[in-house]
Amino acid sequence: MIAILGGGLAGLSAAHHLRERPHVVLESEDAPGGLCRTREAEGFRFDYTGHLLHLRDPRAIALVDELLPDAFRVIERRAWVRTRGVTVPFPFQANLHGLPPEVVEDCLVGFMESLEAPRPDGEDVSFETWVRATLGSGIGKAFLFPYATKLFRRAPSRMTADWVSWSVPRPTPREIVRGALGIRNEGMGYNATFRYPVRGGIGILPAALAAAGGTIRCGARVVEVDLGAREVGLAGGERIRYDQLVVTVPLPAFLGMVRGGGDLAAEAVSLDWSVVACLNLGVERPGVGGGAHWIYFPDPDVPFYRVGFPTAFSDSVAPPGTSSLYVEIGLARGETPDLEALEAAALAGLRREGILEESDRILVRDLVLLDPGYVVFDRARQRAMARVLPALEAAGVYAIGRYGAWTYSYMERALLDGIEVAERLRAAS
Ligand SMILES: Cc1cc2nc3c(=O)[nH]c(=O)nc-3n(C[C@H](O)[C@H](O)[C@H](O)COP(=O)(O)OP(=O)(O)OC[C@H]3O[C@@H](n4cnc5c(N)ncnc54)[C@H](O)[C@@H]3O)c2cc1C
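Here the sequence shown is numbered in this note's numbering, starting from 298 and rising by one per residue.
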């Protein structure tokens, strides 16, 4: 029997691809889907902030097309960066035109200097060093350093760079010059286009996976895993025997539940993360956001790091004549903010930035904490992961998904993790 802990996209994909073998998904919530669920309130549909599907791998494309033929449309990104009162297209590094001249100068000179600098390699390269050597200090100071600090709640010098390869595009010299002169660079970066459901929120994807096969038990909260006895303990006392275990629940929490793993549990203290406070708003006015899909806010005095507009992806996610927004605020792990004050600061920030008008009537407010939100990459994580994942596999435990594998990944990877773990489990038995 294969026990799969967690029924988010990774766990559901694993179950779907193992459906011919005895298995069970144990999910603590009352519905599967994890971070890819969609919440409904007063006719608005909110994902857990933006959940836009980026598909490149033929296996993931085939899976989504088979589960939900024609349910998604491909959309070209309309994303902006707003800083120092100026709005420029995203990615920032390729669209500097319009920023104060001294900022553009710093960014261009820093980029040129980076062309001469040796490319850093090795595991212990900090994010700060990587940015300075790859994009230049000007771009770091103007955008990436303050943005990453708000998102991860960690100084760039205290993070490693082993998460950046796919997520931070490096322009060519020609692209950076074009961008500084105001010639638009289209289509850069992993999210230049994305898929979003024609009808409904991203929750249709896990719902289709769950319906396509797989044994799922909701309301089954795992509280203990005995690696020696190969038993999972649920809240309420039930115990379930397994032969192989797939873990998609957050790794630090999983390590805290493990019995019989020697000192593995102690590695949990090496793993750090940030929390995302997501404020969803339904507003009685069409067109809030001016057509943008989302806007990044690197400036430290703005309380949020990004604001997105679901009604710009799809008109099926809100009642006619309204708009919806998600506001993302980074919190440090363990921080216990005054949620009312957080919400009030976010609303004031939206008005200051001209996104909301004083007269706007807010129909729905819904604040959710995503904890964990983002894994923080540092040397302590590198050392712990080099030990933990092999030790777990030796004990018949396969840790996958964004939080099981404790990494920075996205929905396509979660689907692929499920496909790949099914192949490995078949090969191992
Ligand atoms: C703010 C934010 C924005 C994002 N935007 C995008 C995007 O635009 N595009 C994209 O591709 N990806 C995006 N992602 C990433 C995407 O959400 C994840 O890659 C994907 O959903 C991870 O799926 P998962 O199954 O690995 O984890 P999860 O969805 O977290 O699933 C884990 C499951 O385990 C369950 N669980 C936890 N503890 C227990 C327990 N003790 N017992 C039983 N069950 C338990 C949880 O309830 C959950 O259902 C975003 C992530 C965040 C945080």
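We put the beta carbon where it would ideally sit given N, CA and C, even for glycine.
For Glu521, which of helix, strand or coil comes out of DSSP?
As a first step, residue 521 must be located in the sequence shown, where it is residue number 224. If DSSP states are grouped into helix, strand and coil, Glu521 belongs with the strands.
Just checking Tyr593 against ligand 1 - is the residue's beta carbon closer than 6 Å to any of the ligand's heavy atoms?
Here the question's residue 593 lines up with position 296 in the sequence shown. Not one heavy atom of ligand 1 sits closer than 6 Å to the Cβ of Tyr593.
Just to confirm, does Arg699 get its C-beta within under 6 Å of one of the non-hydrogen atoms of ligand 1?
If you number the sequence shown from 1, residue 699 lands on position 402. Indeed, a heavy atom of ligand 1 lies less than 6 Å from the Cβ.
Run the proximity test for Glu402: is its beta-carbon closer than 6 Å to any non-hydrogen atom belonging to ligand 1?
Looking up residue 402 in the sequence shown gives position 105. No, Cβ of Glu402 sits at least 6 Å from all heavy atoms of ligand 1.
Does DSSP put His273 in a helix, in a strand, or in coil?
Only positions 298 to 726 of the chain appear in this structure, which leaves residue 273 out of reach.
Where DSSP assigns a beta bridge to Ile626, which residues make up the other side?
For the purposes of this step, residue 626 is identified with residue 329 of the sequence shown, where counting begins at 1. Paired residues: Ala574.
Does the segment 487 to 494 touch the segment 304 to 312, meaning 3 or more C-beta pairs lie closer than 8 Å?
no
Ordered along the chain, which non-local residues of its own chain (more than five positions away) have a Cβ less than 7 Å from that of Gly646?
Within the sequence shown, numbered from 1, the residue matching residue 646 stands at position 349. Val599, Pro600 and Phe601, listed in sequence order.
Which residue wins for smallest C-alpha separation from Gly558, given the options Leu524, Glu690 and Ser726?
Along the sequence shown, one-based indexing puts residue 558 at 261. Considering only alpha carbons, the answer is Leu524.
Whole-angstrom distance between Pro503 and Val519, CA atom to CA atom
Taking the sequence shown and counting its residues from 1, the one referred to as residue 519 is at position 222. Taking the sequence shown and counting its residues from 1, the one referred to as residue 503 is at position 206. So the alpha carbons of these two residues sit roughly 21 Å apart.
In angstroms, rounded to a whole number, what distance separates the CA positions of Ala508 and Leu360?
Mapped onto the sequence shown, residue 508 falls at position 211. Mapped onto the sequence shown, residue 360 falls at position 63. Straight across, the Cα-Cα distance linking Ala508 with Leu360 is about 14 Å.
Should Gly330 be flagged as near chain B, meaning a C-beta pair shorter than 7 Å?
As a matter of chain content, chain B is missing from the structure shown, which is built from one protein chain.
Please state whether DSSP places Leu349 in a helix, a strand or coil.
As a working note, residue 349 is residue 52 in the sequence shown. Of the three classes helix, strand and coil, the one that applies to Leu349 here is coil, per DSSP.
Note the first and the last residue of the continuous alpha helix (DSSP H) segment covering Thr710.
Mapped onto the sequence shown, residue 710 falls at position 413. It should be pointed out that residue 710 corresponds to Arg in this sequence rather than to Thr. It spans Met708 to Ala725 - the alpha helix (DSSP H) in which Arg710 sits, taken as one unbroken run.
Contact check, Arg658 vs Glu581, beta carbons under 7 Å:
Here the question's residue 658 lines up with position 361 in the sequence shown. Here the question's residue 581 lines up with position 284 in the sequence shown. Cβ atoms of Arg658 and Glu581: closer than 7 Å.
Cβ shell of Gly627 (< 6 Å), same chain only, five flanking positions each side left out:
The sequence position of residue 627 within the sequence shown is 330, counting from 1. Same-chain partners within the cutoff: Lys447, Leu448, Arg450, Ser571 and Tyr602.
So the candidates are Ala312, Ile299 and Met298; which of them puts its Cα closest to the Cα of Leu713?
Translated into the one-based positions of the sequence shown, residue 713 becomes position 416. Of the candidates Ala312, Ile299 and Met298, Ala312 places its Cα closest to the Cα of Leu713.
Which listed residue (Ser726, Ala725 and Glu720) has its alpha carbon closest to that of Leu356
What you label residue 356 is simply residue 59 of the sequence shown in a count that begins at 1. According to the sequence as given, residue 356 is Arg; it is not Leu. Ranking Ser726, Ala725 and Glu720 by Cα distance to Arg356 puts Glu720 first.
By the 10 Å Cβ neighbour count, where 16 or more other Cβ atoms means buried, how is Ile436 classified, buried or exposed?
As a position in the sequence shown, residue 436 is number 139, starting the count at 1. Ile436 is buried by the Cβ-count criterion.
Give the list of continuous beta strand (DSSP E) stretches no shorter than 3 residues that lie fully inside the segment 482 to 546.
490 to 494, 519 to 523, 528 to 531, 536 to 538 and 541 to 544
For Val428 and Ala445, what's the separation of their Cα atoms in angstroms?
Locating residue 428 in the sequence shown gives position 131, counting from the first residue. Locating residue 445 in the sequence shown gives position 148, counting from the first residue. Their backbone Cα atoms lie some 11 Å apart in a straight line.
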